[in-house]
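Notes follow once the structure below has been shown.
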Amino acid sequence: MSQRFHDAGIKLAANIKPCLLQDHPRYSEVAERGLFIQDSESESPERSSFWDDEGSHLDFTNPQTVAWWQEGVTAQLLEMGIDSTWNDNNEFEVWDGEARCHGFGQEIAIKHIRPVMPLLMMRASLEAQQRFAPEKRPYLISRSGCAGMQRYVQTWSGDNRTNWDTLRYNTRMGLGMSLSGLYNVGHDVGGFSGDKPDAELFVRWCRTG
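Right under this line is the structure:
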(Lines of atoms letter the chains of each structure in order from A and count residues from 1; the text may use other names and numbers.)
(Lines give C-alpha, C1' and ligand atoms only; values in the text may rest on other atoms or scores of the structure.)
Protein backbone atom coordinates (compact mmCIF):
# COMPACT_ATOMS: atom_id res chain seq x y z
CA MET A 1 0.00 0.00 0.00
CA SER A 2 2.85 2.41 0.76
CA GLN A 3 3.98 2.18 -2.86
CA ARG A 4 0.69 3.67 -4.03
CA PHE A 5 1.37 6.74 -1.91
CA HIS A 6 4.94 6.95 -3.17
CA ASP A 7 3.73 6.73 -6.77
CA ALA A 8 1.54 9.75 -6.02
CA GLY A 9 4.52 11.67 -4.61
CA ILE A 10 3.39 11.34 -1.00
CA LYS A 11 5.74 10.48 1.88
CA LEU A 12 4.53 8.61 4.95
CA ALA A 13 5.30 9.23 8.63
CA ALA A 14 4.29 6.67 11.25
CA ASN A 15 3.14 7.86 14.67
CA ILE A 16 5.07 5.97 17.37
CA LYS A 17 4.98 6.26 21.16
CA PRO A 18 7.48 5.36 23.92
CA CYS A 19 4.92 3.74 26.22
CA LEU A 20 3.39 0.26 25.94
CA LEU A 21 -0.04 -0.25 27.47
CA GLN A 22 -0.28 -3.21 29.83
CA ASP A 23 -2.39 -5.16 27.31
CA HIS A 24 0.08 -4.60 24.46
CA PRO A 25 0.95 -7.97 22.87
CA ARG A 26 4.68 -7.44 23.50
CA TYR A 27 4.41 -5.92 26.97
CA SER A 28 5.42 -9.07 28.85
CA GLU A 29 8.39 -9.68 26.57
CA VAL A 30 9.72 -6.15 27.04
CA ALA A 31 9.14 -6.31 30.81
CA GLU A 32 11.00 -9.61 31.14
CA ARG A 33 13.96 -8.15 29.28
CA GLY A 34 14.07 -5.15 31.63
CA LEU A 35 13.63 -2.57 28.89
CA PHE A 36 11.14 -0.38 30.77
CA ILE A 37 11.86 2.28 33.36
CA GLN A 38 11.65 0.42 36.67
CA ASP A 39 9.40 1.10 39.67
CA SER A 40 11.17 2.81 42.56
CA GLU A 41 10.05 0.25 45.15
CA SER A 42 9.99 -3.05 43.29
CA GLU A 43 11.64 -4.96 40.47
CA SER A 44 8.63 -4.34 38.21
CA PRO A 45 8.20 -1.74 35.44
CA GLU A 46 6.82 1.62 36.51
CA ARG A 47 3.12 2.05 35.71
CA SER A 48 1.67 5.39 34.66
CA SER A 49 -1.63 6.50 33.16
CA PHE A 50 -1.39 6.59 29.38
CA TRP A 51 -4.45 7.35 27.26
CA ASP A 52 -7.33 5.48 28.90
CA ASP A 53 -5.29 2.75 30.59
CA GLU A 54 -1.97 2.18 32.32
CA GLY A 55 1.33 1.43 30.65
CA SER A 56 5.09 1.50 31.08
CA HIS A 57 7.65 3.77 29.46
CA LEU A 58 10.67 2.49 27.58
CA ASP A 59 14.05 3.32 29.08
CA PHE A 60 16.18 4.90 26.36
CA THR A 61 19.16 5.13 28.73
CA ASN A 62 19.41 1.35 28.35
CA PRO A 63 21.35 0.37 25.20
CA GLN A 64 19.30 -2.83 24.94
CA THR A 65 16.10 -0.77 24.80
CA VAL A 66 17.57 1.39 22.03
CA ALA A 67 18.50 -1.73 20.04
CA TRP A 68 15.00 -3.19 20.51
CA TRP A 69 13.41 0.08 19.43
CA GLN A 70 15.58 0.46 16.36
CA GLU A 71 14.91 -3.12 15.33
CA GLY A 72 11.19 -2.46 15.50
CA VAL A 73 11.38 0.85 13.64
CA THR A 74 13.37 -0.82 10.87
CA ALA A 75 11.41 -4.06 10.50
CA GLN A 76 7.89 -2.80 11.14
CA LEU A 77 8.08 0.62 9.53
CA LEU A 78 11.01 1.39 7.25
CA GLU A 79 11.07 -2.00 5.51
CA MET A 80 7.32 -1.65 4.99
CA GLY A 81 7.75 1.58 3.05
CA ILE A 82 7.30 4.15 5.82
CA ASP A 83 9.54 7.15 5.17
CA SER A 84 9.69 8.88 8.53
CA THR A 85 9.04 8.52 12.25
CA TRP A 86 6.66 10.74 14.18
CA ASN A 87 7.80 10.45 17.80
CA ASP A 88 4.65 11.35 19.70
CA ASN A 89 3.38 11.48 23.30
CA ASN A 90 6.98 11.49 24.49
CA GLU A 91 6.80 13.80 27.50
CA PHE A 92 7.62 10.79 29.70
CA GLU A 93 4.94 11.68 32.21
CA VAL A 94 6.09 9.06 34.69
CA TRP A 95 4.24 9.71 37.94
CA ASP A 96 6.81 7.95 40.10
CA GLY A 97 9.57 10.54 40.12
CA GLU A 98 11.94 8.09 41.78
CA ALA A 99 11.39 5.43 39.11
CA ARG A 100 14.75 3.97 38.16
CA CYS A 101 16.44 4.37 34.79
CA HIS A 102 19.43 2.35 33.59
CA GLY A 103 21.40 5.56 33.12
CA PHE A 104 23.88 3.92 30.72
CA GLY A 105 25.17 1.83 33.62
CA GLN A 106 24.74 4.43 36.37
CA GLU A 107 21.21 4.13 37.73
CA ILE A 108 19.37 7.44 38.02
CA ALA A 109 15.83 8.55 38.92
CA ILE A 110 13.59 9.65 36.06
CA LYS A 111 12.93 13.01 37.76
CA HIS A 112 16.54 14.03 37.05
CA ILE A 113 16.56 13.25 33.35
CA ARG A 114 12.94 13.46 32.19
CA PRO A 115 13.61 16.17 29.53
CA VAL A 116 16.45 14.09 28.08
CA MET A 117 14.33 10.98 27.45
CA PRO A 118 12.50 12.35 24.36
CA LEU A 119 15.88 13.46 23.01
CA LEU A 120 17.24 9.91 23.38
CA MET A 121 14.09 8.49 21.81
CA MET A 122 14.29 10.70 18.72
CA ARG A 123 18.03 10.01 18.40
CA ALA A 124 17.34 6.28 18.42
CA SER A 125 14.75 6.74 15.66
CA LEU A 126 17.12 8.96 13.69
CA GLU A 127 19.92 6.38 13.82
CA ALA A 128 17.54 3.67 12.60
CA GLN A 129 16.52 5.80 9.63
CA GLN A 130 20.13 6.70 8.84
CA ARG A 131 21.24 3.08 8.84
CA PHE A 132 18.31 2.00 6.71
CA ALA A 133 18.76 4.71 4.07
CA PRO A 134 22.24 6.28 4.46
CA GLU A 135 21.91 8.08 1.14
CA LYS A 136 18.87 10.05 2.32
CA ARG A 137 18.61 13.00 4.68
CA PRO A 138 16.36 11.71 7.48
CA TYR A 139 13.17 13.52 8.36
CA LEU A 140 11.63 13.08 11.82
CA ILE A 141 8.94 14.72 13.92
CA SER A 142 8.78 14.92 17.71
CA ARG A 143 6.11 16.32 19.97
CA SER A 144 8.40 16.88 22.95
CA GLY A 145 12.08 17.49 23.51
CA CYS A 146 14.69 19.71 25.08
CA ALA A 147 17.65 21.81 24.00
CA GLY A 148 19.37 20.06 21.12
CA MET A 149 16.29 18.49 19.58
CA GLN A 150 16.68 20.71 16.51
CA ARG A 151 19.60 18.49 15.47
CA TYR A 152 17.28 15.55 14.99
CA VAL A 153 13.67 16.57 14.37
CA GLN A 154 11.11 19.16 13.49
CA THR A 155 8.22 19.87 15.82
CA TRP A 156 4.80 21.45 15.77
CA SER A 157 2.53 23.55 17.93
CA GLY A 158 0.59 20.61 19.36
CA ASP A 159 -3.16 20.07 19.29
CA ASN A 160 -4.63 23.40 18.21
CA ARG A 161 -8.12 24.78 17.68
CA THR A 162 -9.95 25.64 14.49
CA ASN A 163 -10.34 29.41 14.63
CA TRP A 164 -8.69 32.63 13.54
CA ASP A 165 -7.21 33.32 16.98
CA THR A 166 -5.29 30.04 16.83
CA LEU A 167 -3.95 30.81 13.36
CA ARG A 168 -2.61 34.13 14.63
CA TYR A 169 -1.21 32.55 17.77
CA ASN A 170 0.44 29.66 15.89
CA THR A 171 2.15 32.13 13.57
CA ARG A 172 3.67 34.01 16.52
CA MET A 173 4.50 30.74 18.25
CA GLY A 174 6.35 29.42 15.20
CA LEU A 175 8.41 32.60 14.91
CA GLY A 176 9.28 32.46 18.62
CA MET A 177 10.32 28.83 18.42
CA SER A 178 12.46 29.56 15.35
CA LEU A 179 14.22 32.37 17.20
CA SER A 180 14.85 29.86 20.00
CA GLY A 181 16.69 27.48 17.66
CA LEU A 182 13.82 25.26 16.48
CA TYR A 183 14.03 26.36 12.88
CA ASN A 184 11.68 23.69 11.48
CA VAL A 185 8.25 24.24 13.03
CA GLY A 186 4.73 23.63 11.80
CA HIS A 187 1.19 23.25 13.08
CA ASP A 188 -1.98 21.34 12.26
CA VAL A 189 -3.28 23.14 9.18
CA GLY A 190 -6.96 23.89 9.65
CA GLY A 191 -6.86 23.05 13.33
CA PHE A 192 -6.82 19.81 15.30
CA SER A 193 -10.15 20.20 17.09
CA GLY A 194 -13.23 22.38 16.90
CA ASP A 195 -15.71 23.18 14.17
CA LYS A 196 -14.98 22.56 10.52
CA PRO A 197 -12.92 25.53 9.24
CA ASP A 198 -14.63 27.75 6.70
CA ALA A 199 -13.09 28.00 3.26
CA GLU A 200 -11.26 31.28 3.83
CA LEU A 201 -9.74 30.16 7.14
CA PHE A 202 -8.52 26.90 5.64
CA VAL A 203 -6.99 28.59 2.58
CA ARG A 204 -5.25 31.19 4.75
CA TRP A 205 -3.90 28.40 6.95
CA CYS A 206 -2.56 26.52 3.93
CA ARG A 207 -0.82 29.66 2.75
CA THR A 208 0.70 30.14 6.18
CA GLY A 209 2.04 26.58 6.09
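The sequence shown begins at 140 in the working numbering and counts up by one. Backbone N, C-alpha and C fix where the C-beta goes; we use that ideal spot for every residue, glycine too.
Item, Value
"Take S187 and list the residues in its own chain whose beta-carbon comes closer than 8 Å to its own, dropping the five residues that flank it on each side.", "C158, E193, G194, S195, H196, E232, V233, W234, D235"
"For P184 and Q161, I'd like the C-alpha separation in whole angstroms.", "10 Å"
"L151 by DSSP, collapsed to three states: which one?", "coil"
"Is it buried or exposed for S264, if we count other Cβ within 10 angstroms and need 16 for buried?", "buried"
"Does DSSP put I247 in a helix, a strand or coil?", "strand"
"Could you tell me the distance, in whole angstroms, from the CA atom of E319 to the CA atom of R311?", "Residue identity check: residue 319 is Ser in the sequence provided, not Glu. Between S319 and R311, the C-alpha separation is close to 12 Å."
"Assign V353 to one of two classes, buried (16 or more other C-beta atoms within 10 Å of its C-beta) or exposed (fewer than that).", "Residue 353 cannot be examined here, being either before or after the span of the chain that is shown, 140 to 348."
"Counting only the same chain and skipping the five closest in sequence on each side, list residues whose C-beta sits under 8 Å from that of Q203.", "R172, G173, L174"
"Looking at C-alpha atoms only, which residue of M261, E182, W344 is the closest neighbour of R239?", "E182"
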